[in-house]
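First comes the structure, then the notes that go with it.
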Amino acid sequence: MKKFLLISTMLGAAAFSMPAAAETLRIGLATAQSGGLAGYDSPVVEGFHIAVDEINAAGGIGGNVMIELIEKDVRSDAAQTSIAAQELVDEGVSVLILPCDADPALAAIGIVSSAEIPAISTCASSPTLPMIGGEYMFANFPGDNVQATVSASWAYEQGHTSAYIVYSPDTQYTTMPLYFSEVFEKLGGTMLGQDTHSIGQQDFSAIATRIAALSPQPDVIMTSSYEPDFPSMLKALRAAGVTSQVIGSDGIDSPTTFSLGDVGEGVVFTTAGHATEGSPLAAFNAKYEQITGNPSETVFNAVGYDLVKVLEAAVIAAGGSTDPKELRDAIANLENVQGATSLITYKGTDGMPVREVTLIRVKDGARELVGQPSPDASLIPAPRMQ
Amino acid sequence: MLTSPRQHIIPSVLAIVIAIVLASLLASALGAASERILTVFFISLIAVVGMGVYSGNSGILSFGHLSFMGIGAYTASLLTLPANLKVATLPKLPDWLATTEIGLFPASVIAIMFTVFVALLIGIALGKLEGSAATISTLGLLIIIHGVLIGWRDVTRGSQTFFGIPRETTLWSAAIGCMFALIIARLYRDSVSGLRLRAGRENAIAASAVGVRIRRERLVSWVLSAALMALSGALIAHFLGAISPKKFFFTDTFLLLAMLIVGGMSTVTGAVTGAVAITVVTEVLRRFEGGFSVGGFDMPAVFGTTQIGIGAIILFAMFRKPEGLAGLKEWEERVFSRPHAVKVTAPIEQPTKDTQPLIAKGMTMRFGGLTAVNDVSISLRPGEIMGLIGPNGSGKTTLMNMLSGVLEPSSGKFHRGEELLSGLVSHEIADRGIARTFQNIRLFPNLTVHQNVLVAALSTKGGVNAAARADAALERMGVIGHAHDDAGTLSYGDQRRVEIARALACLPSLLFLDEPAAGMNREETDSLMETLRMLTKELGIGVLLVDHDLKLINQLCDRIAVLNEGHLIAEGSPSEIRNNPAVIEAYLGPNKD
Chain A
0 MKKFLLISTM
10 LGAAAFSMPA
20 AAETLRIGLA
30 TAQSGGLAGY
40 DSPVVEGFHI
50 AVDEINAAGG
60 IGGNVMIELI
70 EKDVRSDAAQ
80 TSIAAQELVD
90 EGVSVLILPC
100 DADPALAAIG
110 IVSSAEIPAI
120 STCASSPTLP
130 MIGGEYMFAN
140 FPGDNVQATV
150 SASWAYEQGH
160 TSAYIVYSPD
170 TQYTTMPLYF
180 SEVFEKLGGT
190 MLGQDTHSIG
200 QQDFSAIATR
210 IAALSPQPDV
220 IMTSSYEPDF
230 PSMLKALRAA
240 GVTSQVIGSD
250 GIDSPTTFSL
260 GDVGEGVVFT
270 TAGHATEGSP
280 LAAFNAKYEQ
290 ITGNPSETVF
300 NAVGYDLVKV
310 LEAAVIAAGG
320 STDPKELRDA
330 IANLENVQGA
340 TSLITYKGTD
350 GMPVREVTLI
360 RVKDGARELV
370 GQPSPDASLI
380 PAPRMQ
Chain B
0 MLTSPRQHII
10 PSVLAIVIAI
20 VLASLLASAL
30 GAASERILTV
40 FFISLIAVVG
50 MGVYSGNSGI
60 LSFGHLSFMG
70 IGAYTASLLT
80 LPANLKVATL
90 PKLPDWLATT
100 EIGLFPASVI
110 AIMFTVFVAL
120 LIGIALGKLE
130 GSAATISTLG
140 LLIIIHGVLI
150 GWRDVTRGSQ
160 TFFGIPRETT
170 LWSAAIGCMF
180 ALIIARLYRD
190 SVSGLRLRAG
200 RENAIAASAV
210 GVRIRRERLV
220 SWVLSAALMA
230 LSGALIAHFL
240 GAISPKKFFF
250 TDTFLLLAML
260 IVGGMSTVTG
270 AVTGAVAITV
280 VTEVLRRFEG
290 GFSVGGFDMP
300 AVFGTTQIGI
310 GAIILFAMFR
320 KPEGLAGLKE
330 WEERVFSRPH
340 AVKVTAPIEQ
350 PTKDTQPLIA
360 KGMTMRFGGL
370 TAVNDVSISL
380 RPGEIMGLIG
390 PNGSGKTTLM
400 NMLSGVLEPS
410 SGKFHRGEEL
420 LSGLVSHEIA
430 DRGIARTFQN
440 IRLFPNLTVH
450 QNVLVAALST
460 KGGVNAAARA
470 DAALERMGVI
480 GHAHDDAGTL
490 SYGDQRRVEI
500 ARALACLPSL
510 LFLDEPAAGM
520 NREETDSLME
530 TLRMLTKELG
540 IGVLLVDHDL
550 KLINQLCDRI
560 AVLNEGHLIA
570 EGSPSEIRNN
580 PAVIEAYLGP
590 NKD
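These protein sequences, in sequence, are chains A and B. For the first sequence, position 15 matches number 14 in numbering that gives the first Met the number 0, and the numbering has no gaps at all. For the second sequence, position 476 matches number 475 in numbering that gives the first Met the number 0, and the numbering has no gaps at all.
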C-alpha cells in the first residue's frame with residue numbers, strides 16, 4: 000500500500016510539473032473513402048491533409064493549436080455515417096467533417112445536435128442540409144439554389160429561351176435542375192419538359208429519344224447528374240442527334256468530363272473555383288503538384304483545403320479555443336475567409352456559405368473559364384426539400 | 000409444446016438471460032462507446048437468430064431476410080417520426096399517418112404485425128419452391144423489396160436518407176429484445192414445428208413419409224423469422240436515427256449471413272458464436288482501418304480492411320469448420336448429452352383396428368419413354384406378410400413409392416375400403432396408417448435416434464401420446480439404448496432398425512419395408528424376421544416386404560408377388576412361386592434345352 004501511495008504521488012507530481020500542453024484541435028472525419036461518393040470525398044480529404052500538414056508544420060493554428068485527425072470511412076452509407084459520427088463524438092472531437100452529400104450527412108443530425116458539436120459537410124451543396132440540420136450543421140460549397148441561379152442566368156443571357164431538365168429524385172443534390180427551371184422561368188424562359196432517372200441507371204436512350212423528338216428542340220438541357228450517369232446521358236443525347244447546350248453542375252468537375260472527347264465539348268457547368276493566373280487556386284494547385292507530384296485534376300482538392308482554412312479562422316476567432324460551442328459560434332460569424340477557391344462567408348447565412356460560383360466550359364478537353372458572376376439575390380430560390 | 004427435455008431448455012434460457020444481463024452491466028460500466036457496440040451487437044444478433052430460425056431449421060439459405068428488417072424499420076420509423084418532421088420531409092403522406100406519432104414499443108409491435116402479414120403472403124408463394132430455387136427466389140425478394148423501398152418515394156423518401164427517427168433504442172431495450180429473440184429462437188428449434196422442420200431439412204422425403212407437412216412448417220418458421228427481423232429493423236432504425244434502403248441490402252445481408260454461417264446455421268449457440276466472432280474481428284479491424292503506428296512503423300489508412308477480414312473468416316470457417324464454429328448441436332446438448340434415462344412404461348401399442356385391405360388396381364408408372372411399372376394390381380391385408388420380389392429394375396421400389404404417395408402414378412388407383420388413397424401426398428398417406436422404410440436408408444442423420452422416432456409419432460395420429468409411442472417403438476426394435484445417439488452415427492443394421500422403429504411410431508396398420516435386411520448379417524436378419532412375425536401376430540400389422548434375400552422371403556411371407564420388367568408375372572404362396580416357370584425364367588433366364 001505504501002508503495003502504491005508512493006508511486007501515485009510521484010505520478011501526480013510528474014503530471015503537475017509538466018509544462019502546460021499546447022491546445023489540440025481534434026477533428027473527426029467521417030467521410031466516404033469508398034462507394035459512390037468516394038470520387039468527391041477522397042480528393043477533398045487529400046486537400047484537407049495538405050492544409051493540416053502545412054499548419055502543423057508551422058506550429059499549429061496561431062502557432063500553438065496543433066490539429067489532430069481521426070478518420071473513419073463511411074462507405075457512402077447513411078447508417079455508417081451515423082455510427083462513425085457517434086464514435087467520433089465519443090472520442091471527444093471538437094469538429095465533425097461529414098460526407099459530400101446531404102443524404103449521408105443528414106444521417107448524423109441527431110448526433111450532431113445532441114452532442115452540440117459543429118459539423119461541416121465536405122462538399123454537399125444542398126441548401127436543405129443546414130436548414131434541416133440545425134444550428135450545428137454547416138456546408139462548404141456554393142448552394143444548389145445559388146449554382147442553379149448562376150447557370151440559368153448565364154443561359155438566358157446567352158439568348159437561350161427554352162430549356163429541358165433531366166433530374167433524379169434519388170438525392171437532394173440531383174434535384175438541382177428544379178431550382179434551375181424555377182429561375183429560368185422567372186427570367187422569362189420557357190421550360191419544354193422534364194425527365195427523371197435513377198442514380199446508376201446507365202441507359203438513357205429512352206430519355207434521349209424523347210428529347211430528340213421535341214420540336215422545336217430545347218436551347219438548353221440542364222442536369223445535375225454526375226458519374227456514372229452523366230457521361231452515359233451525354234453520350235445518349237449526342238447519339239440521338241440532340242445538339243442543345245448541355246449545362247451541368249459541380250458533380251461533373253472530374254477528370255472524366257474532360258476526357259469524353261467530342262461528346263464532352265461545349266458542356267458548361269458550375270463549380271467552386273477556377274485557377275486564373277495569380278489566384279489563390281493557382282497557388283494551391285502549384286503547392287499540390289509540388290507535394291504529390293501530380294497536377295490537381297479536380298477543384299475538390301482545393302475545397303478540402305478551404306475547409307481547413309475555415310476551421311483555422313474559426314479557432315483564431317474563438318481566441319484559440321477548441322470548445323465545440325465556441326467554435327460553432329465562431330464559424331457562424333466568419334466573414335471573407337480566404338480559401339484556395341474563393342472568399343468564404345458564413346455570417347448572415349443559416350450555414351450555407353456565400354462563396355464564388357464559377358462557370359466552366361469544356362473546350363479541347365480542358366477547362367475554359369466562362370465567368371464568375373455574382374447571382375442576383377432576388378432570383379435565388381428558397382431552399383426546399385424536393 | 001417442446002420436444003426436448005427440461006434439462007436442456009432451462010440451462011439454455013438461463014444462460015441467455017444471464018449472459019445478456021452480465022454483458023449489458025459490463026458495457027454500462029465501461030462507458031458509452033462500449034454500450035453502443037453492445038447495442039449494435041444485440042440488434043444484429045436478433046437478426047442473425049431471426050435468419051437462423053428459418054435457414055437453420057429448414058436448411059434453405061435465405062438471402063431475402065433483410066427485406067423484412069427493412070419493412071420493420073420503415074414501418075416503425077414512420078410511426079415514431081415527429082409529426083412536424085413528417086410534414087416537412089414526406090409531404091405526400093396520408094393525413095392519418097402524417098399525424099401519427101407513437102412510442103418505440105407500440106410502433107415496434109405494429110411493425111412486427113405488419114411484417115408478419117407481408118411475410119405470410121410472400122411465404123405462401125415461396126413455399127412451393129425447393130432447394131436452390133427457393134434460395135434464389137429469396138434473392139429476388141431482397142431485390143424487389145429494395146426496389147419498393149426506393150420506388151415508394153412518398154412514404155420512404157426513396158433512396159434518400161430517411162432521417163430524424165427518434166433515437167430511442169437504448170442498451171437495455173436492445174438487450175430485452177435480444178433476450179426475447181434468443182429465447183424464441185431456442186424454443187422454436189425444439190418445438191414440435193421446429194423438430195418437424197429439422198427432420199424435413201435432414202431428409203424431406205422421409206419426413207413427408209412419416210407425416211410431416213414440410214411446407215406448413217416452413218411457413219411457420221418463415222413468418223416467425225420475419226417477425227424477429229422486423230424487431231431487429233425497428234431497433235436499428237431507432238438506434239441510428241437515420242436509415243436508407245441501402246442499409247437493408249447486400250452489404251448487411253452479407254455481414255449477417257457471415258455471422259450465421261461462421262457460427263453455424265442450425266443452432267442458437269452457433270448464431271451467438273458467429274455474431275461474437277464477426278463483431279470482435281470487425282471492431283478490431285475497423286480501428287486499424289484509419290491507420291496506426293507500431294514501434295515507429297506507420298501503417299497508412301487502408302479502407303475496406305473490415306470487409307476483407309470478414310471474407311477471410313468465412314473462408315477459414317468453410318475450410319476448417321464447414322458446419323460453423325458451433326457445429327450442429329446446442330452447447331447444452333453437448334454438456335448434458337444424456338438428459339434422462341428412457342423409461343418404458345407399460346406397452347401402449349394396441350393391435351390395429353384397421354382391418355381394411357389395401358387394394359391397388361392397374362398401377363402404372365411411366366418415366367418418359369420407360370414404363371417402370373405396367374398395369375400392376377395387388378392387394379395387402381393387415382396381419383399378413385407379403386413379399387415383393389423381382390430382378391433389379393423390375394419396378395418393386397417404384398410400386399412401393401406409388402403406394403406410399405412418394406410418386407404419383409401415371410395411371411391406376413388404390414384404396415382402402417371406401418377411401419381412395421391414390422392422389423394423396425406422402426404425409427396424408429402416412430396419417431392413414433401406411434408407413435414405410437427406404438431402400439437407401441433415409442434417417443435424419445443429425446437428429447438423435449429418439450428425435451427421429453419422436454417426430455414420426457408427433458406427426459401422425461394427431462401426435463397423441465407421442466413420447467410413449469416413440470419409446471415403445473424404440474424398445475420393440477431394440478434400439479432404445481441408442482436413443483440419445485445421433486442417428487447418422489449408428490451401424491448400418493441399427494440404422495435399418497431405427498428406420499423401422501420410426502415407421503412403427505406412426506402406428507401403421509400396413510408397413511412397407513424396402514430391403515430391410517440389406518447389409519445385415521444372418522443373425523441380425525433372423526432377429527429381424529422374428530420381430531416382423533411379432534408385429535403381424537401381436538399388432539395385426541400387414542407388411543409389404545421387398546428384399547433380395549429369398550430365404551428371408553420364403554420363410555417369412557404368407558404370399559409373394561413377383562415383378563419382372565414392370566409386369567406382375569406371378570402371385571401366390573411361397574411354394575407356388577418357387578415352382579412357377581415364369582419366375583424361374585425371370586431369375587435364371589429362359590430354359591435353353
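A virtual CB, placed ideally from N, CA and C, is assigned to each residue, including glycine.
Along the region 226-260 of chain B, going in chain order, the ones with a CB nearer than 7 Å to a CB of chain A are LEU239, GLY240, ALA241, ILE242, SER243, LYS245, LYS246.
The alpha-carbon separation between THR38 (chain B) and ALA173 (chain B) amounts to approximately 6 Å. Between the region 120-128 of chain B and the region 246-258 of chain B there are fewer than three C-beta pairs closer than 8 Å, too few to call the two in contact.
Our two residues, PRO244 (chain B) and LEU148 (chain B), have alpha carbons roughly 6 Å apart in a direct line. Using a Cβ-Cβ distance cut-off of 8 Å, the region 460-472 of chain B and the region 512-522 of chain B are not in contact, since fewer than three pairs of beta carbons, one from each stretch, lie closer than that value.
Residues of chain A with a Cβ closer than 8 Å to the Cβ of GLY157 (chain B) are, in chain order, PRO168, ASP169. Going by DSSP, ASN400 (chain B) is part of no beta strand (DSSP E) but of the alpha helix (DSSP H) stretching over 395-402. Between THR436 (chain B) and ILE384 (chain B), the C-beta gap is not smaller than 9 Å, which leaves the two residues out of contact. Under the three-pair Cβ rule at 8 Å, the region 100-108 of chain A does not count as touching the region 44-62 of chain A.
Beta-bridge analysis with DSSP links ALA226 (chain B) to no other residue.
In this structure, DSSP gives ASP485 (chain B) an extended state, which the three-state scheme calls strand. Three or more Cβ pairs closer than 8 Å define a contact, and the region 117-137 of chain A falls short of that threshold against the region 160-168 of chain A. Taking 9 Å as the cut-off, the Cβ atoms of GLY150 (chain B) and GLY139 (chain B) do not count as close. Scanning chain A for C-beta atoms nearer than 9 Å to the C-beta of ALA32 (chain B) yields GLN85, GLU86, ASP89, GLU90, reported in chain order.
Put simply, the CB of GLY109 (chain A) is near chain B, with a gap under 9 Å to one of its CB atoms.
Under the criterion of beta carbons closer than 8 Å, ASP194 (chain A) and VAL219 (chain A) do not qualify as touching, at roughly 14 Å. Annotation: the continuous alpha helix (DSSP H) that includes ASP143 (chain A) extends over 143-156. Residue nearest to PRO230 (chain A) within the set A:PRO217, A:VAL245, A:GLN216 is A:VAL245 (criterion: CA-CA distance). The Cβ atoms of GLY277 (chain A) and VAL298 (chain A) do not sit closer than 9 Å to each other. Per DSSP, HIS414 (chain B) lies in no alpha helix (DSSP H) segment; the continuous beta strand (DSSP E) that holds it begins and ends at 410-415. Distance from the Cα of GLU115 (chain A) is smallest, within the candidate group A:ASP100, A:CYS99, A:VAL88, A:SER124, for A:VAL88. The Cβ-Cβ distance between ASN144 (chain A) and TYR178 (chain A) falls below 9 Å.
The beta-carbon separation of GLY539 (chain B) and PRO381 (chain B), rounded to 5 Å, stays under the 8 Å limit for a contact.
Residue nearest to SER113 (chain A) within the set A:PRO382, A:PRO323, A:ALA339, A:ASP349 is A:PRO323 (criterion: CA-CA distance).
Cβ proximity to chain A below 8 Å picks out nothing from the region 119-136 of chain B. With 16 or more other CB atoms across the displayed protein chains lying within 10 angstroms of its CB, LYS246 (chain B) is buried. Within the same chain, GLY35, SER167, ASP169, THR170, THR173, SER224, ASP228 come within 8 Å of ILE198 (chain A) by CB-CB distance, once the 5 residues on both sides are set aside. Distance from the CA atom of TRP330 (chain B) to the CA atom of ASN56 (chain B), rounded to whole angstroms, is 17 Å. For the region 93-105 of chain A, the residues whose beta carbon sits under 7 Å from a beta carbon of chain B are, in order, ASP102, PRO103, LEU105. Distances from the CA of ASN464 (chain B) to each of B:ASN451, B:ASP485, B:ARG441, B:ALA504 were compared; the closest alpha carbon is that of B:ALA504.
Of all residues in the region 176-204 of chain A, those with a C-beta nearer than 8 Å to a C-beta of chain B are SER197, ILE198, reading in chain order. C-alpha of GLN554 (chain B) to C-alpha of LEU327 (chain B): approximately 43 Å in a straight line. Given a length threshold of 4 residues, each whole run of the alpha helix (DSSP H) inside the region 236-304 of chain A is given here in chain order: 254-257, 279-291. Between ALA270 (chain B) and the set B:ILE45, B:LEU1, B:LYS85, the nearest pair of CA atoms involves B:ILE45. When the five nearest sequence neighbours on each side are left out, the beta carbons in the same chain lying within less than 6 Å of the beta carbon of ALA31 (chain A) are those of ALA37, ASP40, VAL73, SER75, PRO98, in order along the chain.
Put simply, the backbone Cα of THR134 (chain B) is about 16 Å away from that of PHE67 (chain B).
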